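*Asks:* I'd like to ask you about the structure that follows.
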Amino acid sequence: MHDKVTKAIFPVAGLGTRFLPATKSVPKEIMTLVDRPLVQYAIDEARAAGITDFIFVTSRGKSALENYFDHAPMLERELEEKGKDDLLKVLKSTYMESGEVAYLRQHRAKGLGHAVWCARRLIADEPFAVILPDDVIAAGRPCLQQMVEAHAETGGNMVAAMEVPHDQVSSYGILDVSERKDRVLSVRGMVEKPKPAEAPSNLAVIGRYILTPSILRNLERIEAGAGGEIQLTDAIAADISAGNQVHGYRFEGERFDCGSKAGFLQATVAFALARDDLRDDLLRYIQDTVIVPKAAQ
């Protein structure tokens, strides 16, 4: 067994420009899928995996994100007085206790690797998780929980992996795999956003990582890579070159790219259809406005 993972970094400093004008005043991470903010899905997944320390790397204009996790005594009292116990339970599930959460500023947009590096002083000498709230994963057993259980056996670094169409590999970090054992992949190399003809596989890294402190030391040394940013993929690749273990994990579940409008809409429909209180009305709407008119054409 290897060291338990109890800390997670949430890089949430992005400006969310693809969702303007909404993100002019609302941080993208608290935009809602059905009735829960994106970041709440990430927090719930982290808690299910045993995470107890939550580190948010933010930027200017993210105060609404910080306020979301605060206690709301007036609202709580009103719900209690009106006997709305179900809503009160939902409200309390959003609270983060004092000392459970930390907020750090990334003052310049220098990439995911730089955002993770910003949290280095809170990590110490222990493995840690990185969760990108834009990647929402619908799974019977939460993705990070699957990874933490696998990591307890493998140790080292671990990245979530999924197959993508070959014409989309240039949008991802791509794995070069030497061995496959069930869902665990032995990784011998990683390439950030390769051209399709140069990609070693179609196994893409998505927004869940379990990393060792050596990655933070690598981030101290590497220079800007693809897109002029400090790439987390490059720091992981440096660990491979140094002979340290890196594994990919092919998780069970469906990933939605909620950093894009299409992915956000797809996730909204999928999560709504999974709700007993919403499914029938939504299916009826789809039937009446999409399926029937299309058939009539």
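Each residue of the sequence shown is one higher than the last, beginning at 720 in my numbering. Backbone N, C-alpha and C fix where the C-beta goes; we use that ideal spot for every residue, glycine too. Because the structure is a prediction, the values reported are computed rather than measured.
#1: Do the stretch 908–916 and the stretch 846–860 make contact, defined as three or more Cβ pairs closer than 8 Å?
#2: Among ALA741, ALA943, LYS808, ALA961, whose alpha-carbon lies nearest the alpha-carbon of ASN876?
#3: Quick one: give me the first and last residue of the alpha helix (DSSP H) that LEU904 is part of.
#4: Can you tell me whether ASP804 is helix, strand or coil according to DSSP?
#5: Taking just the CA atoms, how far does VAL758 sit from ASP788?
#6: Taking DSSP as the reference, what is the three-state secondary structure of TYR1004?
#7: Is the stretch 723–736 in contact with the stretch 776–788, if contact means three or more CB pairs nearer than 8 Å?
#8: Check whether the stretch 973–991 touches the stretch 740–759, counting contact only when three or more Cβ pairs, one atom from each stretch, lie closer than 8 Å.
#9: Does TYR787 come out as helix, strand or coil in the three-state DSSP assignment?
#10: Just the C-alpha distance for ILE925 and ALA879, rounded to the nearest angstrom, thanks.
#11: Look at the Cβ atom of ALA685, then the Cβ atom of ILE949, and state whether they are nearer than 8 Å.
#12: How many angstroms separate the CA atom of LYS723 from the CA atom of ALA986?
#13: So ASP958 packs on ILE934, CB below 8 Å; how close in whole Å?
#14: For ARG969 versus MET909, is the C-beta distance shorter than 8 Å?
#15: Going by C-alpha distance, which of LYS726, THR1008, GLN964 is nearest SER905?
#16: Select from LYS781, ASP999, MET793 the residue whose C-alpha is nearest the C-alpha of GLN825.
*Replies:* In short, the structure shows the following:
#1: no
#2: ALA961
#3: From DSSP, LEU904 is part of no alpha helix (DSSP H) but of the beta strand (DSSP E) over 903–911.
#4: helix
#5: This sequence places Phe at residue 788; Asp is not what is there. Taking the straight line from one Cα to the other gives about 10 Å.
#6: Three-state DSSP puts TYR1004 in a helix.
#7: yes
#8: yes
#9: helix
#10: 6 Å
#11: In the structure displayed, the chain extends from 720 to 1016; residue 685 sits before or after that span and is not available.
#12: 31 Å
#13: Sure, about 6 Å apart at Cβ, within 8 Å.
#14: Cβ atoms of ARG969 and MET909: not closer than 8 Å.
#15: GLN964
#16: LYS781
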